[in-house]
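One structure below.
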Amino acid sequence: MSGLSRRQFLARAALLAAASGLELDVLGRALAAGADPSAPPAPSDAPSTLGQTILQGSVRKGSYRALTAGPGEAYVPRLDVLGRAPGAGRAATRRSLLYLGHLSDMHVIDAQSPARIEPMIEAGHAAWGSAFHPQDPLTVHVTAAMVKSFADLQTSPLTGAPLSAAIVTGDSADMHSDLELRWYIDVLDGVPITPTSGSGPGFEGVQAWKEATWAYRPGDPSGGSFGDYGFPRLPDLLQQAISQPVASVGLPVPWYAVYGNHDTLLLGTFGLDSQMRALATGGRKSYTVGATASTALAGYAATGSALQRALDALSLQFGHRSGFKSVSADPARFLFEQRDFMAAHFDTTSAPGPIGHGFTQHNLDSGETWWRADLSPRIRAFGLDTCNQVAGPDGAVPDDQFRWLESELATAQAEQRLVLIFSHHNSLTLENRATRPGNDPKLHGAEEFVDLLLRYPVVVGWLNGHTHLNQILAHTRSGGGFWEVTTASCIDFPQQQQVVEIADNRDGTMSLFTTVLDHASPVAPGASGSYLDLAAQSRELAANDWAETPLMRRGSPLDRNTELLLPAPFDLSVISDADLQAQHMTEQARLAAYAARGPR
Amino acid sequence: MSRPVLSRPVLSRPVLSRPVLSRPVLSRLWRRPAGWALAAGAAALLAGCSQTAALAPVGGDRLTEVRFAANDVLLQNGVQILTAPVCTASGDAVSCAGSTMDSQPIAVSSAASDQGDLTVTVGGRVLYQGSLQGVLDAAARPSP
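Line by line, the protein sequences give chains B and L. Numbering-wise, the first sequence is residues 27 to 626 according to my numbering. Numbering-wise, the second sequence is residues 177 to 320 according to my numbering.
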């Protein structure tokens with residue numbers, strides 16, 4: 027192994043000190059761990075599912091179960107792409123090329139917004155389950171607790187390598203609210219927020235209203251299906267959720283974002299209309315399915331007569347237009363336009379950055395919603411927008427984006443760059459070909475997209491979300507292929523995200539290590555009202571939200587902590603140890619600057 | 177709910193009972209982002225309309241459940257996997273195929289007529305036959 031010379035090391039340290047504003051001696055201590063490439067840093071022992079998992083525990087009341095700590099899970103090697111037994115000595119020779127955080131489907135929610143359509147679960151809980159979750163008021167707390175997990179695990183639990191970047195694969199704002207969008211960005215940036223809207227002294231929403239018997243009302247859950255199930259009485263929960271600032275520690279590394287269907291369409295499914303826009307900022311909120319169907323969704327349904335008839339039927343069945351209560355109006359709740367999603371990512375702190383979080387001025391000028399970024403000198407990322415602009419939760423790849431990616435992959439192949447693909451949708455949810463009448467762009471589905479990626483061996487991983495579960499699929503061709511890693515969500519149980527580390531095994535193979543993270547809250551929620559205790563409460567409620575089939579979302583052990591082997595697509599010795607050491611020094615300097623910055 | 181019928185059941189305890197309000201596997205096909213209750217009625221009236229077709233449930237859930245449960249069965253039985261089961265759906269029937277390190281075929285099936293049931297075989301030997309949900313529930317709860 028031949029890393030940087032002493033002179034090169036010192037010169038680079040001086041450069042990084044100047045760039046980060048850190049004192050050289052402070053930075054020098056941070057860099058000391060990586061100074062000797064023959065003595066790699068120790069793996070992090072920060073909490074992850076390698077050491078402890080969270081399982082469903084004993085029944086507390088009715089069918090409601092507590093959560094309990096379970097054993098940690100070691101990495102499971104997966105050989106589907108490699109197609110043979112791996113080298114036994116790879117653990118001793120491997121080196122880390124990139125250590126990356128993966129967040130997805132945070133679904134930050136303003137639960138007091140009149141633009142929510144929670145009562146639709148009364149029309150069919152299974153069908154409309156994502157319109158209301160018992161833990162809806164706690165999404166900011168969960169996201170902040172998840173950010174803390176990434177901050178805690180800022181060095182790799184496998185190699186000790188520093189965290190380099192994080193990717194957010196969509197569905198960040200649940201109901202297209204600008205407030206939700208702002209909260210999500212601030213939580214990731216480490217800007218404190220108080221997750222409330224309106225101006226009422228208390229929580230103004232269905233979970234506080236005795237008339238909404240279909241909802242989980244923590245003050246008095248009796249009289250509805252949640253009470254029947256055994257959901258707990260937590261009289262302080264709603265006030266705790268909205269009254270205390272959430273001081274997120276912020277991500278310690280640059281983070282990048284792509285669109286999800288919830289960042290594109292209302293509830294990830296419907297186009298936005300003027301009626302819903304008016305409701306969002308107004309002073310009336312529905313608590314019955316009749317009112318919601320006849321008013322909130324009526325504007326959308328007017329675009330299709332069959333939908334209108336279906337909504338009319340619901341209105342008749344459940345009562346027409348009755349069922350609104352007055353709430354505080356709040357102009358900050360306005361529903362953002364699609365371009366606003368990109369623009370909001372420029373309203374961000376300079377650190378961890380980058381400004382735009384993947385989106386550039388070119389995106390704002392052109393309206394293109396996809397981007398390219400180099401995460402390291404030899405690892406290139408492509409952030410795609412697979413969301414349908416018209417209707418429906420699933421997605422596809424528009425032809426202009428498909429052709430752009432094809433050209434970019436050819437370049438990456440020629441330049442010997444490893445490629446990671448980031449998108450919201452996964453290969454099981456890429457068949458939505460909805461278009462507007464008279465406008466029929468070509469949309470590519472999963473089979474064509476996977477075939478495209480398989481044509482370029484430099485593609486090693488495709489990270490995505492959407493289905494709120496941990497799933498890892500192999501896509502193979504003769505002699506190789508790539509790995510598709512779908513991470514779970516912050517809204518549904520198990521409320522887990524992942525870190526992914528790319529390693530060169532120095533034997534002609536490489537490995538992608540996936541490590542599942544629980545958010546940094548206790549297994550059993552306390553009553554303090556702290557954001558970590560509220561996040562823990564959210565996880566427990568989510569684990570009992572039967573309509574979301576919570577248990578299967580953990581995935582199998584082949585979908586959680588894994589070593590995903592594949593052939594190296596080119597001779598990885600082109601990445602010299604000195605280059606890698608320099609890269610890690612840059613990453614360590616960022617982490618040192620994060621530590622020095624402290625709370626905002 | 178059927179119980180494992182094998183000499184070597186994957187679950188070391190009886191299949192767990194479902195929560196009172198749990199739904200059968202079939203009904204869970206309609207889930208994630210909302211809208212499809214309406215679309216179900218509308219689809220027949222607007223057949224061929226791409227926007228209505230888009231208001232379908234998020235894809236892949238049943239396939240995924242079968243795959244997760246099959247993997248749980250294989251790992252709990254110590255099967256050395258070369259190729260993890262790759263699943264395909266034909267209507268509501270799901271079948272999966274994989275292979276072991278010693279080249280034995282892995283076969284998984286869950287029939288359309290009994291979607292709550294799962295069968296996993298390795299090299300023709302039935303490793304598990306019983307409740308799909310029971311496998312998933314057991315995997316998410318502490319071992320007794």
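For every residue, glycine included, the Cβ atom is placed at its ideal position computed from N, Cα and C.
- In the DSSP assignment, Arg406(B) falls within the unbroken beta strand (DSSP E) covering Ile405 to Gly409.
- DSSP links Trp281(B) through a beta bridge to Ala192(B).
- Counting C-beta pairs with one atom in each stretch, the segment 546-562 of chain B and the segment 138-147 of chain B have fewer than three that are closer than 8 Å, which means they do not touch.
- Taking a beta-carbon distance threshold of 8 Å, Leu239(L) counts as an interface residue toward chain B.
- One alpha carbon belongs to Leu258(L), the other to Glu241(L), and they sit about 21 Å apart.
- Within the same chain, Thr512, Gly581 and Asp585 come within 7 Å of Gln497(B) by CB-CB distance, once the 5 residues on both sides are set aside.
- Residues of chain L whose Cβ lies closer than 9 Å to the Cβ of Thr94(B) are, in chain order, Arg317 and Pro318.
- For Phe35(B), the secondary structure class from DSSP, reduced to helix, strand or coil, is helix.
- Around the CB of His388(B), fewer than 16 other CB atoms lie within 10 Å, so the residue is classed as exposed.
- Taken through DSSP and simplified to helix, strand or coil, Met132(B) comes out as coil.
- By the neighbour-count criterion, in which 16 or more other beta carbons inside 10 Å mark a residue as buried, Ala40(B) falls on the exposed side.
- Chain B places a beta carbon closer than 8 Å to that of Ala260(L), counting this residue as a contact.
- Its Cα nearest to that of Leu250(L), the residue Arg301(L) stands out among Arg301(L), Arg317(L), Ser319(L) and Gln291(L).
- Apart from the 5 residues on each side of it in sequence, Ile405(B) sits with its Cβ closer than 8 Å to the Cβ of Leu123, Leu124, Arg443, Leu444, Val445, Leu446 and Ile528 in its chain, given in chain order.
- Under the three-state reduction of DSSP, Lys87(B) is assigned to strand.
- In the DSSP assignment, Gln523(B) falls within the beta strand (DSSP E) that extends over Gln522 to Asp530.
- Around the Cβ of Gly310(L), a 10 Å sphere holds 16 or more other Cβ atoms; the residue is buried.
- Shown here for His494(B): same chain residues with a beta carbon closer than 8 Å to its own, the five before and five after excluded, namely Asp131, Ala514, Ser515, Ile517, Asp518, Glu574 and Arg579 in chain order.
- By the criterion of at least three beta-carbon pairs nearer than 8 Å, the segment 532-543 of chain B is in contact with the segment 63-78 of chain B.
- Distance check between His501(B) and each of Gly47(B), Arg55(B) and Val107(B) places Val107(B) closest, using alpha-carbon atoms only.
- Counting the other CB atoms within 10 Å of its CB gives Pro576(B) a total of 16 or more, which places it among the buried residues.
- Collapsing the DSSP output to three states places Leu57(B) in a helix.
- Comparing C-alpha distances from Arg398(B) to each of Leu293(B), Ala283(B) and Gly464(B) shows the shortest one belongs to Ala283(B).
- Contact check between the segment 409-421 of chain B and the segment 609-625 of chain B: fewer than three CB pairs, one atom from each, fall below 8 Å, which does not count as touching.
- For the pair Val526(B) and Leu480(B), the CB atoms are not nearer than the 8 Å cut-off.
- As for any beta strand (DSSP E) of minimum length 3 sitting wholly inside the segment 455-536 of chain B, the runs are 485-490, 497-503, 506-512 and 522-530, ordered along the chain.
- Under the three-state reduction of DSSP, Ala399(B) is assigned to strand.
- Just so you know, the alpha carbons of Ala269(L) and Asp425(B) end up roughly 32 Å apart.
- Val213(B) is a Cβ neighbour of Thr169(B), given a cutoff of 8 Å.
- With a threshold of 8 Å between beta carbons, Asn247(L) makes contact with chain B.
- By the rule that beta-carbons nearer than 8 Å mark a contact, Leu251(L) touches chain B.
- Annotated three-state conformation of Ser46(B) is helix, per DSSP.
- Cα atoms of Thr220(B) and Leu312(L): separation of roughly 38 Å, rounded to the nearest angstrom.
- In its chain, beyond the 5 residues on either side, Val213, Leu214, Ser274, Val275, Gly276 and Leu277 have a beta carbon closer than 7 Å to the beta carbon of Val173(B).
- When the beta-carbon positions are compared, Gly267(L) and Ala288(L) come within less than 8 Å of each other.
- Here DSSP, grouped into helix, strand and coil, assigns Glu589(B) to strand.
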